[in-house]
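Report on the following structure.
Protein chains in written order, with our numbering: chain A, 0 to 788; chain B, 947 to 1242.
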């Protein structure tokens, strides 16, 4: 008995005295391949706080009242097992676990229990599984992980139709997006309507918005870690989804039983082929869009998982997605083509040395490119931008007691940037825009991250990350005199270091258990970011270009402090939290007049200005995790500012991501086996924008005088979306479902942006200016049919 | 060598059209919200050319959404100010004259003071607005005259009767130079119209000889698009100005604002520079040379 109690205390579960009528459930947990018993396997009783771990003989003992229980058995390196047990007397039950090779991330996933909400040291973690994503209302039939993350406190999209996301006042470039350990640089299709993550290809998503562990880095605001599906190990499964503007097909299954599995998914839009003929008659002069425009995107996901042995596993993940857009305006003798996309490939190899020591290595390639070309009369213009990385990562994980662990490793990335390659010809004459500048850099990080359970109540996660960034040649450095004139250029050879940066990034977070169901958590993190996204506009667009840190462009620096109260109640059915944060940002960059204006001579560094920023806020969150009706409500009160000497006369101004109030309500209701309903409601303060305040005339030009930068608020944003899913009868060979969704049910015209139309004639002395608001989504119903076999 | 010319506005219009996709499938409506009112600010448009008398036009800013017509327009002109231009050695109070070319309908003019190379000129405007007296001031210098070595018209290959104006200049390597170009087509233009991309600096060709082409600009912001070429048969006067930094900044930022105007995707900090204290606008000194180009 002493040992059992020890075990209970060790696992952090508190044994409750449930009265006299209790029975013993005991047995062993066994390795399904070798038949050996497993030490330290976790046995949990779903819906209760009870659980046990196996001792050195692989034995567990649980004391439970009479009843039917769902028992979950998990062990690092093995598939999780769930079993229903009816307990009417003392009972012996052995469980057999099938080994699987784990990624080191799974070390955390083994603690993925409802109690983690208040028990883990992680302060700002949002986790979504594929089923959560699919259960909520879809936009034109596309379930989208990013859109759902945007419904969480502290996470927002600046405007609708913007799949870029903004975490706690950080920019879109301050989020690290990983697919199976490889970086993704652009997360959206169709100018932001959809994210690049096909919900049929992903297993789950984790978003860390504070207390970033030391094994993550290179970005200031958050990490979005997307895990792709390994594939069904038992049988071949095909899923087909047919939607209004895009369709997709996904396969997954075993190639070699218990050894090799695969998953593959393809998605393509057919806005042109299907929507155009249907919709054209209804569009009058308002839209020549469908006449002149062609648009489509596709993406392909693939993953192969190979289990070499019980201890070794290799996966290979591939992603390729392209957007193409063309416009022909015969009236103006004008046409343009735009193409952009991501490609990545990543090889992950996991090896388990023993039950508590593992290594994960990955080798990856990733590329984001953007090409634009336009022709009008005799003038041709081409603009292209690119970022390409090759990365190698190695991470060791050592498990400690009580969910403690130590992780250490190295991340290395070789970056290649082509920020802006502009070329133009006019009447066959080449216009020169300076040399095409390719920039190269090496980024290396060494980290150590450790969770130390300190006694029962206090647990801490400490980490240290050392980062080194080298801007290397080939490079032509312009030497300028004090008048700003270039008097010479200095040439650097290949891999010659032009500017090195070295920084130490401390990370610490701690959890203090107040009682059995609540805790206080606090964190401090310091991060450096060596790459920058220079944006020409108020929204995140594919035309934004990535720039490395150089001698002139200093790395971004961010610090975040958080303090939160986390509580669960009613057997973890309800979770609630209040989380406060304060963030400071240094070396933020802006382009003064937009990309092209400044890039005319490709001396992009000259047009970049530097400033600082801060953000603070408080987030309230209540979630019901189980039952027919579940969902969450979140409220965020926050303030985000920026300060640049060159903007707003050097005075502090609201950042474009500043949102004072943000309310999100997400509800899902399972009526019966056939029908599931869900709804989301969003309310947010209007976006900050700079408003023209006055106009004046000089030399026949109407000049606009602006008010304070971002000093005006657009009207508030609110929207209700509903969705109903009808699941057909499960046939032997297939199951099908219909999803009906309505986005923006009450057809609120939310402002996407505001622009001003000038009409009249200066010389006739009459002039009229009218403000116009453009909204993106009207009421948008959609239907999708999915079949799985 | 870099050839300022085409490009900038054109590229911006392309970016805009590209985003047109997002706009046209969406809904566009006139916005009915309260916009903040703005007090009138004194607007100065003044210049002093080498060998010529200073000109100063004064008006006030109008709230952005106020409709302007020929009736209320005159309310925005300032005709009762005391305008003084002075250098170290000279001073003159300017007199009011009618202006038939463009707004405002009056301008202040000197009959005694003329611009000299290298001299600094101060502007002082004393005016009363809502019974309160204000003083706006500014300062400029007339730079050394730089004349183009040659100016000519060239037909565009493939185009029958359209072409551009070309010129070569030799830049002074010992100083930072700023230039502005304007043209007047005889019988067609009321005044000198800035060329498309009308200011440039010697940033990238300091001390060298530069050959550039000039395209036709728009006479006003409302003349969108339009032909960038000059017609065969036009008689064109090119005004080539050597300007100072402040004057350059003003026209350069104004040019930036024009190309991004009505483009919601452009940077929102495209503000127009000003060198007027207690007011906005520009007071600039320049040295100009004039060349007549007969297109044939």
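Cβ atoms here follow ideal geometry from the backbone N, Cα and C, with glycine treated the same way.
A residue is called buried when at least 16 other Cβ atoms come within 10 angstroms of its Cβ; residue 1114 of chain B does not meet this threshold and is exposed.
In the three-state DSSP reduction, residue 148 of chain A falls in the helix class (H, G or I). DSSP lists A:668 and A:723 as the beta-bridge partner residues of residue 676 of chain A. In its chain, beyond the 5 residues on either side, 248, 785 and 786 have a beta carbon closer than 7 Å to the beta carbon of residue 239 of chain A. Using a Cβ-Cβ cut-off of 9 Å, residue 1200 of chain B counts as an interface residue toward chain A, since at least one Cβ of chain A sits closer than that to its own. Taking C-alpha positions only, residue 683 of chain A is separated from residue 1111 of chain B by approximately 54 Å. Scanning its chain for C-beta atoms nearer than 6 Å, with the 5 sequence neighbours on each side dropped, one finds around residue 1157 of chain B the residues 1114, in chain order.
One alpha carbon belongs to residue 769 of chain A, the other to residue 704 of chain A, and they sit about 16 Å apart. CA-to-CA, the gap between residue 316 of chain A and residue 227 of chain A works out to about 8 Å. Assigned with DSSP and collapsed to three states, residue 519 of chain A falls in strand. Relative to residue 405 of chain A, the option among A:234, A:693, A:146 and A:395 whose CA is nearest is A:395. 1218, 1226, 1227 and 1228: these are the residues of the region 1218–1230 of chain B whose beta carbon lies less than 8 Å from some beta carbon of chain A, given in chain order. Per the coordinates, the alpha-carbon of residue 744 of chain A lies some 49 Å from the alpha-carbon of residue 439 of chain A. Excluding five sequence positions before and after residue 307 of chain A, the CB atoms of its chain that fall closer than 7 Å to its own CB belong to 313, given in chain order. Judged by DSSP secondary structure, residue 502 of chain A falls within the beta strand (DSSP E) whose first and last residues are 496–514. Judged by their CB atoms, residue 578 of chain A and residue 153 of chain A are nearer to each other than the 9 Å cut-off. When C-beta distances to chain B are compared with 9 Å, the residues of the region 687–706 of chain A below that value are 688, 689, 690, 691, 692, 693, 694, 695, 696, 697, 698, 699, 700, 701, 702, 703, 704, 705 and 706, in chain order. Looking at the DSSP output, residue 663 of chain A sits in a beta bridge with A:633 and A:681. Between residue 40 of chain A and residue 72 of chain A the beta-carbon gap is near 6 Å, inside 8 Å, which marks them as a contact. Take residue 324 of chain A, set aside five residues on each side of it, and the residues of its chain with a beta-carbon closer than 6 Å to its own are 294 and 337, in chain order. Burial state of residue 399 of chain A is exposed, judged by a 10 Å Cβ sphere holding fewer than 16 other Cβ atoms. The beta carbon of residue 1225 of chain B is closer than 6 Å to those of 988, 990 and 1082 in its chain, skipping five residues each way along the sequence.
For residue 1135 of chain B, there is no enclosing beta strand (DSSP E), since its DSSP letter is neither H nor E. Judged by DSSP in its simplified three-state form, residue 1199 of chain B adopts helix. Here the region 205–222 of chain A makes contact with the region 499–512 of chain A; the two share three or more CB pairs at distances below 8 Å. One thing to note: residue 169 of chain A has its Cβ no nearer than 9 Å to the Cβ of residue 97 of chain A.
Contact annotation: in the region 64–76 of chain A, no residue has its CB less than 7 Å from a CB in chain B. Taking the C-beta atoms as reference points, residue 1124 of chain B is found nearer than 9 Å to residue 1189 of chain B. Beyond the five residues adjoining it in sequence on each side, residue 1094 of chain B comes within less than 6 Å, by CB distance, of 1113, 1115 and 1186 in the same chain, given in chain order. DSSP places residue 1062 of chain B outside any alpha helix (DSSP H), giving it a letter other than H or E. At a cut-off of 9 Å between C-beta atoms, residue 1092 of chain B does not count as an interface residue with respect to chain A.
In the DSSP secondary-structure assignment, residue 315 of chain A is bridged to A:303 and A:346. Contact annotation, residue 476 of chain A with residue 461 of chain A: C-beta distance approximately 40 Å; criterion of less than 8 Å not satisfied. Separation of residue 322 of chain A and residue 340 of chain A (C-alpha to C-alpha, rounded to the nearest whole angstrom) is 6 Å.
Each of A:734, A:721 and A:651 was checked against the Cα of residue 673 of chain A, and the nearest Cα belongs to A:734. If you look at residue 118 of chain A, you'll find it in the alpha helix (DSSP H) that goes 115–118.
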